[in-house]
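Protein chains in written order, with the working numbering: chain A, 805 to 1066; chain B, 805 to 1066; chain C, 805 to 1066. Just below is one structure, and these are the notes that go with it.
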């Protein structure tokens, strides 16, 4: 039934070992015509919400794919390996929440199955490397056209593990939101959607005492000044023109930041 | 009109976020048969000369490609997005100098256009991520055979932003040159071309007091000794056999180093 | 005669410079239909045993390939560039031991040749970048179907440089083994094969005073406790549930670790 020409990989494996290459290799052996896009392999070890966020922000820009996400501190335990069908692709990974946000941006959950087809697993399956031995081969079989129902029994979507929603609160002239991520440029992305910004004026205070301005691009403020803007993922973010907002604000993912009119 | 089978990417996006994968995805959606070579995504943030240098030193070894370089501290401002046609490939990126040195090694500038075709841009173009929303789609369209003139209006090559030439001075028995880059092995590459070495003897002083020898390979000197040689990019470089020249010399890109006969 | 659809690359080049991309480019120019899997480019500079180990642990999971390994502190000296034929792929790299362990896991050495065919080398071969100028083009020619004997003269396998075997000793209720590698999760892999574990009981001491348990997956022990297990490469390894064994044990590659029943 068609299948997919592409598989994406999102892991916390890093690139110093051969883990990622082994996943590429397993896919190439099963599905040699399928191509792989590496989303990132630098999710901080075991940081499930970070893996979930980076996949959700990237997947809409990829071709229709089987998206594999392996941030899996429970590997080898009873946590279920699952595959989620959506209107715009399939998601494969552990049932620990890492796939949930991506399923929402891909149009919602159509169908969930537990990946349990032992014919698909690598012969001598390890207890500690399901990326190579279970998730990559399952993705490869699904990409070559296997039906979701071939992967294993149906799972009730209501039983899936879900992540806590990040904190977002909006009031009259202010918003408070959790830091989702800090990118390579030191820009601080909040969980609040960009639309929440429209109710705020141009002159803002962050955390009560740091002055900032609302704008759309880094050079809407002078060098060294702070900008509050809607970023390329549609979230509220804070940047410094020519600098690193993360240093100025001294925050990290999970902290809550308050932005208010001044 | 032919087009190109390959696109290369050179950015300062890093690989911890999904930025690079989004560019791959946009290319895959528009030009699924085109293949991508990542030159590097670890240009130091906003370091335009470093991005220009690494692309210029790598592009001649790639197949004929559309080369995209995005080191773009002025994203979202009036700086022009451009595409440069050369006899050996096309270059796409911001008009801030990052493409210039590559255009020279690819045979010179045949034609320049401003990338302005809104039909090519991603629907809801962000102000801060032109790699995904403007440069990657433009490169994909050019790779699939679109003419440069389809991208937008012609630009006078004399109006392009150019980088300052790095310092190189050569005299009788000496040369002075700016440090271009320090590679993973601690080798220090200077801006001077390798031919400038031929006028020097074998026994050299670096910076007036560090002894070195001219040679061609690391083991032309004893372990721990300094070697001055023409590197694989055709530049004068300084290495230590079994060590790191950057530590011995304590220099960084932009510093000027003097090499003289002793 | 067939050739190979895939080339793998294992180097110490890092990804900050354009070295890896140049190798990809050279391959693409000679063998445009061949696809490349990057095993890793983060072998510590000049660490030949580490390069040999990561390739040997990864290659069995890749499709039949020409595997290129370039960890080559002797580049430009008399060390021989070689290609090794095995029943399950070809290995290309310097004769310094980096290919040996992979040749064993791929079924043993069928044939060795010195890579000496000057028609294959890049025109103006550098003395310091044989990855781009010699090994990548040789691999590309072999992948497109050239015979090993076209690469150059036969080499007696008994003359190949070999690495010292890592320390492994097993006694009644104990084993001692060298640390092979520490992965991104802080798990410590020993040189001992997983089978050596079966003779040990469940309650163990590491290094005489650190308590650990034998098991198969991280959650066989409580959070913070140490686990001794057979890892996904079939080696004895030490992990901490939710922590980093490398920190608890304070070891690094080359150290010898003793595990004994308590």
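Note that CB positions come from ideal geometry on N, CA and C, so glycine has one too.
message: Just to make sure I have the definition right: I need the residues of chain C whose C-beta is within less than 8 angstroms of the C-beta of residue 867(B). Which are they?
response: By 1-based counting over the second chain, the position of residue 867(B) is 63. Those are 829, 832, 833 and 836, listed as they occur along chain C.
field: Minimum C-alpha distance to residue 961(C) - residue among 810(C), 901(C) and 880(C)
entry: Within the third chain, numbered from 1, the residue matching residue 961(C) stands at position 157. Minimum Cα distance to residue 961(C) is reached at 901(C).
field: Runs of beta strand (DSSP E) lying entirely within the region 962 to 1045 of chain B, each at least 3 residues, in chain order
entry: 972 to 975, 978 to 986, 992 to 997, 1007 to 1010, 1014 to 1018, 1030 to 1034 and 1039 to 1044
message: Restricting to Cα atoms, I'd like to know which of 878(A), 936(A) and 861(A) is closest to residue 865(C).
response: Here residue 865(C) corresponds to residue number 61 of the third chain, with the count starting at 1. Comparing Cα-Cα distances from residue 865(C) to each of 878(A), 936(A) and 861(A), the minimum goes to 936(A).
- request: Go ahead and pull the three-state DSSP assignment for residue 924(A).
  value: Along the first chain, one-based indexing puts residue 924(A) at 120. Coil at residue 924(A), not helix or strand.
- prompt: Just curious, the beta strand (DSSP E) that residue 841(C) is in, first and last residue?
  reply: Taking the third chain and counting its residues from 1, the one referred to as residue 841(C) is at position 37. From DSSP, the beta strand (DSSP E) with residue 841(C) extends over 839 to 844.
- request: Please check the pair residue 956(C) and residue 983(C), which I expect to be a contact at CB under 8 angstroms, by giving their CB distance rounded to whole angstroms.
  value: Start at 1 with the first residue of the third chain, and residue 956(C) comes out as number 152. Start at 1 with the first residue of the third chain, and residue 983(C) comes out as number 179. The pair is not a contact, with the Cβ atoms about 37 angstroms apart (cut-off 8 angstroms).
query: Counting pairs of beta carbons, one from the region 821 to 828 of chain A and one from the region 838 to 851 of chain C, are three or more of them closer than 8 angstroms?
result: yes
- request: Answer yes or no: the CB of residue 835(B) versus the heavy atoms of the ligand COA, is any distance below 7 angstroms?
  value: In terms of ligand content, the structure shown is empty, and the ligand COA therefore cannot be addressed.
- prompt: Since residue 1021(B) meets chain C, which of its residues come closer than 8 angstroms, beta carbon to beta carbon?
  reply: In the second chain, counting from the first residue as 1, residue 1021(B) sits at position 217. Near residue 1021(B) (Cβ distances below 8 angstroms), the residues of chain C are 879, 880, 881, 931 and 932.
field: Beta-carbon neighbours of residue 822(B), restricted to chain A and to distances below 7 angstroms
entry: For the purposes of this step, residue 822(B) is taken as the residue at position 18 of the second chain. The answer, in chain order, is 843, 844, 858, 861 and 862.
query: Alpha carbon to alpha carbon, what distance is there between residue 1065(A) and residue 857(C)?
result: Position 53 of the third chain, counting from 1, holds the residue named residue 857(C). Position 261 of the first chain, counting from 1, holds the residue named residue 1065(A). About 58 angstroms.
- prompt: Do you know whose CA, among 1053(C), 1002(C) and 1039(C), lies nearest residue 1015(C)'s CA?
  reply: On the third chain, residue 1015(C) is found 211 positions in, with the first residue counted as 1. That would be 1053(C), whose Cα lies nearest to the Cα of residue 1015(C).
field: Residues bridged to residue 896(C) [DSSP beta-bridge criterion]
entry: Taking the third chain and counting its residues from 1, the one referred to as residue 896(C) is at position 92. Looking at the DSSP assignment, residue 896(C) forms a beta bridge with 872(C) and 887(C).
- prompt: If we count the other Cβ atoms within 10 Å of its Cβ and call it buried at 16 or more, is residue 879(C) buried or exposed?
  reply: For this step, residue 879(C) is matched to residue 75 along the third chain. Answer is buried; the Cβ neighbour count reaches 16.
field: C-beta neighbour in chain A for residue 810(C), strict 8 angstroms
entry: For the purposes of this step, residue 810(C) is taken as residue 6 along the third chain, with counting starting at 1. So, interface residue.
query: Does the distance from the C-beta atom of residue 939(B) to that of residue 885(B) stay below 8 angstroms?
result: Here residue 939(B) is taken as the residue at index 135 of the second chain, counted from 1. Here residue 885(B) is taken as the residue at index 81 of the second chain, counted from 1. In contact: residue 939(B) and residue 885(B) (Cβ atoms closer than 8 angstroms).
task: Using a cut-off of 7 angstroms between C-beta atoms, extract the partners of residue 819(B) located in chain A.
output: Within the second chain, residue 819(B) is the residue found at index 15, counting from 1. Residues of chain A passing the Cβ test: 844 and 846.
message: Taking 8 angstroms as the threshold (C-beta atoms), are residue 985(B) and residue 932(C) in contact?
response: The residue labelled residue 932(C) in the question sits at position 128 within the third chain. The residue labelled residue 985(B) in the question sits at position 181 within the second chain. Going by C-beta atoms, residue 932(C) is not nearer than 8 angstroms to residue 985(B).
Exposure label - residue 854(B); buried when at least 16 CB within 10 Å: Within the second chain, the letter at position 50 stands for residue 854(B). By the 10 Å Cβ count, residue 854(B) comes out buried.
message: Using a Cβ-Cβ distance cut-off of 8 angstroms, determine whether residue 987(C) contacts chain A.
response: Translated into the one-based positions of the third chain, residue 987(C) becomes position 183. Answer yes: the Cβ-Cβ gap between residue 987(C) and chain A drops below 8 angstroms somewhere.
Local conformation of residue 818(A) per DSSP, three classes: Here residue 818(A) is taken as the residue at index 14 of the first chain, counted from 1. Looking at residue 818(A) - three-state DSSP - the assignment turns out to be coil, as it is neither helix nor strand.
query: Where residue 952(A) and residue 807(A) are concerned, what is the direct C-alpha to C-alpha distance, given to the nearest angstrom?
result: By 1-based counting over the first chain, the position of residue 952(A) is 148. By 1-based counting over the first chain, the position of residue 807(A) is 3. If I take the Cα positions, the gap works out to 10 angstroms.
- request: Specify whether the region 966 to 984 of chain C and the region 993 to 1010 of chain C touch according to this definition: at least 3 beta carbon pairs, one from each stretch, less than 8 angstroms apart.
  value: yes
- prompt: Beta-carbon separation of residue 917(B) and residue 959(B) under 8 angstroms?
  reply: Taking the first residue of the second chain as 1, we reach residue 917(B) at position 113. Taking the first residue of the second chain as 1, we reach residue 959(B) at position 155. In this structure, residue 959(B) lies closer than 8 angstroms to residue 917(B) by Cβ.
Rounded separation between residue 883(C) and residue 899(C) - CA only: Walking along the third chain from the start, residue 883(C) turns up at place 79. Walking along the third chain from the start, residue 899(C) turns up at place 95. Rounded to whole angstroms, residue 883(C) to residue 899(C) spans 6 angstroms at the Cα level.
task: Indicate the three-state DSSP secondary structure (helix, strand or coil) for residue 831(B) in the structure shown.
output: The count along the second chain starts at 1 and reaches residue 831(B) at position 27. Helix.
message: Please list, in chain order, the chain A residues whose beta carbon lies closer than 9 angstroms to that of residue 936(B).
response: Reading the second chain from its first residue, position 132 is the one you call residue 936(B). Those are 865 and 1036, listed as they occur along chain A.
- prompt: Does the distance from the C-beta atom of residue 979(B) to that of residue 904(B) stay below 8 angstroms?
  reply: One-based indexing of the second chain puts residue 979(B) at position 175. One-based indexing of the second chain puts residue 904(B) at position 100. No. Outside cutoff.
- prompt: Between the beta-carbon of residue 891(A) and the beta-carbon of residue 911(A), is there less than 8 angstroms?
  reply: Walking along the first chain from the start, residue 891(A) turns up at place 87. Walking along the first chain from the start, residue 911(A) turns up at place 107. In this structure, residue 911(A) lies closer than 8 angstroms to residue 891(A) by Cβ.
task: Return the Cβ separation of residue 1031(A) and residue 1025(A) in integer angstroms, given the expectation that the two are a contact with Cβ distance under 8 angstroms.
output: On the first chain, position 227 is the one that residue 1031(A) refers to. On the first chain, position 221 is the one that residue 1025(A) refers to. About 5 angstroms; that satisfies the 8 angstroms criterion.
message: Any beta carbon from chain A within less than 8 angstroms of residue 825(B)'s own beta carbon?
response: Here residue 825(B) refers to the residue found at position 21 of the second chain. Yes - at least one Cβ of chain A is within 8 angstroms of the one on residue 825(B).
- prompt: What are the boundary residues of the beta strand (DSSP E) that includes residue 1062(C)?
  reply: Here residue 1062(C) refers to the residue found at position 258 when the third chain is read from its first residue. Residue 1062(C) -> beta strand (DSSP E) spans 1060 to 1065.
- prompt: Hey, residue 947(B) and residue 850(B) are a contact pair by Cβ (cut 8 angstroms); roughly how many whole angstroms apart?
  reply: For the purposes of this step, residue 947(B) is taken as the residue at position 143 of the second chain. For the purposes of this step, residue 850(B) is taken as the residue at position 46 of the second chain. Wrong, their Cβ atoms sit about 27 angstroms apart, outside the cutoff.
query: Could one say the Cβ of residue 849(A) lies closer than 8 angstroms to chain C's Cβ atoms, at least one of them?
result: Walking along the first chain from the start, residue 849(A) turns up at place 45. It does: the Cβ of residue 849(A) has a partner Cβ on chain C nearer than 8 angstroms.
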